[in-house]
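Visitor: Chains as they are written, first to last, in the numbering used here: chain A, 1 to 651; chain B, 652 to 752.
We treat Cβ as the ideally placed atom computed from N, Cα and C, and that holds for glycine.
Remember, predicted model here, so these are calculated numbers, not experimental data.
Provided herewith is a single structure, encoded as structure tokens, for subsequent inquiry.
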Amino acid sequence: MINEVSISYLIFLMPLLTFVVNGLFLGKRSAKGAAAFAIVCNGIAFASALFLAVSYFTSGFAPQKAILFEIPFLKFAETFLANIGLLVDPLSIMMLVVVTFISFMVNIYSVGYMRGDRAEGRFFALLSLFSFSMLGLVAATNLFQMFIFWELVGVSSYLLIGFWYHKPSAVSASKQAFILTRFADSFFLLGIVIVSYVVQSFDFATLNALTLSAFQSQVIDLGFITMNKATALVLGGVFIFTGGWGKSAMFPMHIWLPNAMEGPTPVSSIIHSATMVVAGVYLVARLFPFFALSGSTMNLIMVVGAFTMVFAAVIACTQKDIKRILAYSTLSQLGYMMFSLGACRMGDVVIATGWTASTYHIFTHAFFKCSLFLIAGSLIHQVHTNDLDAMGGLRKKMPLTYICALISILAISGIPPFSGFFSKDEIILTAFQGHHYVVFGLALLTSGLTTFYMFRLFFLAFHGAPRSESVKAGHVHEDFFMTLPIAILAIPALASGFAAKDLFEHFFVPDKLNVPQLMMLPEAHWIPYVAVAIAVVALLIAWVLYASPKAKVDRALDDINRSSIYKVIYHKFYFDEIYYAVVRQFVIGGIARVARFIQDYIIEGILAFVVWFVHKLGDLVRTAQSGNLTFYLGTLVVGVLLWRFLGQLPF
Amino acid sequence: MTLMNVLILSFILFGIGLWGLMRRRHLVGMLISTEIMLNAANMNFIAFAYFSAKDATAGSVFSIFVIAVTACEMAVALAIIVSMYRRRKSLDVEQLRDLHD
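The following block contains the structure:
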């Protein structure tokens with residue numbers, strides 16, 4: 001596998017090289033050069049990842065794990081290492097290909113989208129920093145490496161959301177995203193500390209091979225608290241999941257993701273829909289046998305995922321900002337992936353289909369959601385607003401974009417044979433097989449809601465009469481650099497479902513589970529028909545409301561003369577306001593005030609006392625330097641006498 | 652005349668010198684007091700040489716040596732005092748307090 005090793009270095013080094021070269025040298029001199037360099041390097045990275053994937057899946061080695069390279073990084077003890085390496089298994093290979101591909105596409109797209117921006121070079125540098133961090137996260141061989149890159153990804157997300165730092169809204173959105181994910185990450189770190197203390201290892205292989213019964217009899221004694229090691233492991237698992245909870249923006253830590261749409265659209269496309277936000281799902285999938293040890297953790301994952309899925313879909317039905325619709329749609333899809341992992345546990349046994357379904361959905365979702373965001377970016381670039389109020393009638397002006405949008409929207413709606421149908425079907429099937437009937441019902445309902453809000457967006461943006469001056473005046477056109485990636489992405493959005501179905505069914509199984517696994521599962525052939533029927537009904541409702549000849553578009557876009565329920569949903573259940581209120585009352589008014597008191601009176605008080613004491617001591621010494629010779633002589637004599645006679649004393 | 656008598660005398664002389672050094676405000680007075688203290692020490696030299704040493708020559712030679720060195724010191728000290736007087740028109744130590752804090 002010598003070729004594969006050297007190629008796999010390329011996957012990581014190319015984005016890093018782009019970041020360094022563009023960030024330090026090229027970016028300021030020539031925006032065009034920076035863009036070209038970024039595209040070439042990310043293209044090479046994508047080609048390497050693709051080559052690695054092909055050789056991995058065709059070599060017959062496939063479902064096994066291997067560590068292609070590992071560089072020693074930190075050595076806590078002889079057997080307690082944190083290395084940085086590349087773990088190769090179907091999941092990580094799939095993610096490597098997806099990340100490099102999306103990154104390649106988004107880099108091309110950014111040439112058109114960022115043209116003329118005053119900091120184009122910086123943009124390309126940061127985009128590559130993100131790719132590098134995400135690849136390192138995906139390739140992690142142990143929890144520690146994952147955490148390092150997890151934070152790097154968070155930083156690049158922060159930098160890119162706040163890319164237009166002259167906009168106050170972008171600055172506050174970037175801070176919000178950073179602080180909220182940091183809040184979740186602090187639990188993640190705590191979880192790593194607990195788990196690695198119990199297990200004495202960071203390695204995924206070790207963690208996934210654990211059984212709780214081995215730790216049942218051991219106790220951690222911290223003096224003030226004693227805890228069973230098995231309980232500590234479960235608690236650590238919940239904390240680690242909390243990291244993913246925040247990063248994947250699950251309810252109630254979801255508010256940062258819609259606000260993160262303040263960043264440039266290519267950033268929303270790569271970071272806040274296709275790759276970074278699935279890191280939380282990826283974390284759970286990577287440590288699946290570890291999480292599967294505890295039924296309550298799995299239930300928590302399922303409930304959080306399922307609730308976010310419905311909650312976000314409901315909000316998306318009322319929004320008018322197209323990027324926010326897509327952001328809530330991302331939340332909803334992430335909820336699908338998350339609950340699918342959690343739904344794998346039924347009672348004491350575990351089924352593996354949810355894992356396959358979830359990873360499958362990561363794969364298909366990346367393409368169609370990235371494509372949808374790029375399309376949204378194209379529209380915004382032409383119409384100069386995010387608002388559906390000012391769109392409409394774009395079908396004639398942007399025909400290629402229109403077709404690609406239709407493909408991606410059919411994919412996310414789960415209409416066969418588009419990609420989303422296959423993965424979403426598997427997820428719904430998992431909920432059914434796991435006997436989680438409430439979640440199963442919610443998943444079907446959300447599938448209908450998804451179709452509804454996506455077609456609402458589609459009809460309001462592309463159909464009907466133009467509502468904006470620039471569309472009427474005919475300024476709207478399709479940019480080559482922006483339409484090319486959209487067109488390319490339409491191919492996997494259409495085909496990645498059925499093309500990769502065999503691959504996922506063959507190779508994508510979780511690691512060996514240490515809990516009883518149920519192999520014989522009921523098949524439910526009627527589910528796809530029901531799901532498609534719901535989707536079609538939702539599509540027809542959307543058509544009647546927004547695109548049929550009788551549709552009242554003005555009424556649809558009116559958000560003032562509405563019932564109170566609509567208003568509550570339109571204002572996102574007032575979650576932003578609740579957050580601000582909590583932050584203002586509790587954090588600023590409570591914790592900050594206590595901290596301020598401690599700072600002002602206790603810490604500064606101690607400091608002031610030390611200063612006063614040293615000052616007084618100095619005064620004492622200073623008054624001795626009077627310049628009075630007699631005084632000097634007197635002290636000299638007294639000193640000599642004292643020294644002479646005290647020396648004789650018994651002490 | 653015993654060793655003790657001489658030692659008491661030199662102790663008194665030393666005390667006088669010390670007292671003068673501490674009480675005098677004039678630099679020349681202080682210089683004279685120093686000279687008295689030095690002579691008290693010198694007298695001890697001679698007394699010990701006379702009463703308890705086998706050979707009294709070494710003590711006598713040393714005391715002459717001390718006198719010679721003292722004379723040199725005095726010359727230097729007087730030179731400094733003279734130049735100080737020229738500079739400040741005063742030799743009162745109460746006023747020479749430039750180095751206090």
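Can you tell which of A/S419, A/L484, A/V509 has the C-alpha that lies nearest to the C-alpha of A/A499?
Guide: The option with the nearest alpha carbon to A/A499 is A/S419.
Visitor: Using 8 Å for Cβ pairs, my map puts A/G342 next to A/N299. What's the rounded Cβ distance?
Guide: Yes, A/G342 and A/N299 are in contact; Cβ-Cβ is about 7 Å, under 8 Å.
Visitor: Span of the alpha helix (DSSP H) holding A/G246?
Guide: Where A/G246 is concerned, the enclosing alpha helix (DSSP H) stretches over 229-247.
Visitor: Assess contact between the region 565-575 of chain A and the region 483-497 of chain A, defined as three or more Cβ pairs (one per stretch) separated by less than 8 Å. Is contact present?
Guide: Too few Cβ pairs lie closer than 8 Å, so no.
Visitor: Report yes or no: is there a C-beta of chain B within less than 8 Å of the C-beta of A/G634?
Guide: Chain B, which has a Cβ nearer than 8 Å to the Cβ of A/G634, makes this yes.
Visitor: State whether the region 345-361 of chain A contacts the region 499-508 of chain A, with contact taken as three or more CB pairs (one from each stretch) at a distance under 8 Å.
Guide: Verdict: yes, contact present.
Visitor: In chain A, which residues lie with their C-beta within 7 Å of the C-beta of B/S655?
Guide: Residue 655 of chain B is actually Met in this sequence, not Ser. In chain order: nothing, as chain A lies at least about 20 Å away.
Visitor: Who does A/E70 pair with in a DSSP beta bridge?
Guide: Paired residues: A/G85.
Visitor: Taking the alpha-carbon positions, what's the A/A139 to A/Y580 distance?
Guide: Between A/A139 and A/Y580, the C-alpha separation is close to 37 Å.
Visitor: Can you have a look at A/D554 and say buried or exposed, based on whether 16 or more other CB atoms are within 10 angstroms of its CB?
Guide: By the neighbour-count rule (16 or more Cβ atoms within 10 Å), A/D554 is not buried but exposed.
Visitor: For the beta strand (DSSP E) containing A/I602, list its first residue and its last residue.
Guide: Note, A/I602: premise wrong, no beta strand (DSSP E); not H, not E.
Visitor: Can you have a look at A/Y437 and say buried or exposed, based on whether 16 or more other CB atoms are within 10 angstroms of its CB?
Guide: With fewer than 16 Cβ atoms within 10 Å of its Cβ, A/Y437 is classed as exposed.
Visitor: To the nearest angstrom, how far is it from the Cα of A/A170 to the Cα of A/G474?
Guide: So the two alpha carbons sit approximately 30 Å from each other.
Visitor: I'd like the span of the beta strand (DSSP E) that includes A/V219, first residue to last.
Guide: 219-221 is the span of the beta strand (DSSP E), which, as asked, contains A/V219.
Visitor: Would you say B/V744 reaches chain A, if we count a Cβ-Cβ gap shorter than 8 Å as a contact?
Guide: Yes - at least one Cβ of chain A is within 8 Å of the one on B/V744.
Visitor: Answer with buried or exposed for A/Q433, where buried requires no fewer than 16 other C-beta atoms within 10 angstroms of its C-beta.
Guide: So A/Q433 ends up on the buried side.
Visitor: Measuring alpha carbon to alpha carbon, tell me which residue in A/F73, A/V532, A/Q382, A/V349 is nearest A/L513.
Guide: A/L513 has its Cα closest to that of A/V349, out of A/F73, A/V532, A/Q382, A/V349.
Visitor: Which chain B residues sit within Cβ distance under 7 Å of A/L629?
Guide: Result: V744.
Visitor: What did DSSP end up calling A/T226 once you bin it into helix, strand or coil?
Guide: Three-state DSSP puts A/T226 in a strand.
Visitor: Could you have a look at A/K28 and say whether DSSP puts it in helix, strand or coil?
Guide: Residue state, collapsed to three classes: helix.
Visitor: Thinking C-alpha only, which one of A/V610, A/S172, A/L143, A/I415 is nearest A/V195?
Guide: Out of A/V610, A/S172, A/L143, A/I415, A/L143 has the C-alpha closest to the C-alpha of A/V195.
Visitor: Helix, strand or coil for B/V744, going by three-state DSSP, please let me know.
Guide: In this structure, B/V744 counts as coil in the three-state DSSP scheme.
Visitor: Can you give me the start and stop residues for the alpha helix (DSSP H) that A/E262 sits inside?
Guide: Premise fails: A/E262 is in no alpha helix (DSSP H) and is neither H nor E.
Visitor: Where does A/F202 fall in DSSP's three states?
Guide: Coil at A/F202, not helix or strand.
Visitor: Helix, strand or coil for A/K75? Go by DSSP, reduced to three states.
Guide: Residue state, collapsed to three classes: strand.
Visitor: In chain B, which residues lie less than 8 Å from A/V640 when you measure between Cβ atoms?
Guide: By Cβ distance, chain B contributes nothing, its closest Cβ being about 11 Å from A/V640, past 8 Å.
Visitor: Find the nearest neighbour of A/V537 within the set A/S413, A/Q333, A/V219, A/F104, judged by alpha-carbon distance.
Guide: When only C-alpha atoms are compared, the closest one is A/S413.
Visitor: Judging by CA-CA distance, which residue of A/H384, A/E426, A/L374 is the nearest neighbour of A/S408?
Guide: Ranking A/H384, A/E426, A/L374 by Cα distance to A/S408 puts A/L374 first.
Visitor: What separation, rounded to the nearest whole angstrom, lies between the Cα atoms of B/S711 and B/G680?
Guide: About 28 Å.
Visitor: Tell me the DSSP bridge mates of A/H365?
Guide: Paired residues: none, contrary to the question.
Visitor: In terms of DSSP beta bridges, what is A/F80 paired with?
Guide: A/A77, per the DSSP bridge assignment.
Visitor: Examine the Cβ distances between the region 13-28 of chain A and the region 126-140 of chain A and report whether three or more of them are shorter than 8 Å.
Guide: Touching, per the Cβ criterion.
Visitor: With distances taken from CA atoms, which of A/V509, A/A306, A/M520, A/S59 is nearest A/G441?
Guide: Measuring from the Cα of A/G441, the nearest candidate turns out to be A/A306.
Visitor: Can you tell me whether DSSP reads A/V349 as helix, strand or coil?
Guide: Note: A/V349 maps to strand in three-state DSSP.
Visitor: Suppose you measure from the CA of A/L210 to the CA of A/P522; what does that come to, to the nearest Å?
Guide: Cα to Cα, the separation comes out at about 29 Å.
Visitor: For A/S186 and A/G243, what's the separation of their Cα atoms in angstroms?
Guide: Using only the alpha carbons, I get a separation of about 8 Å.
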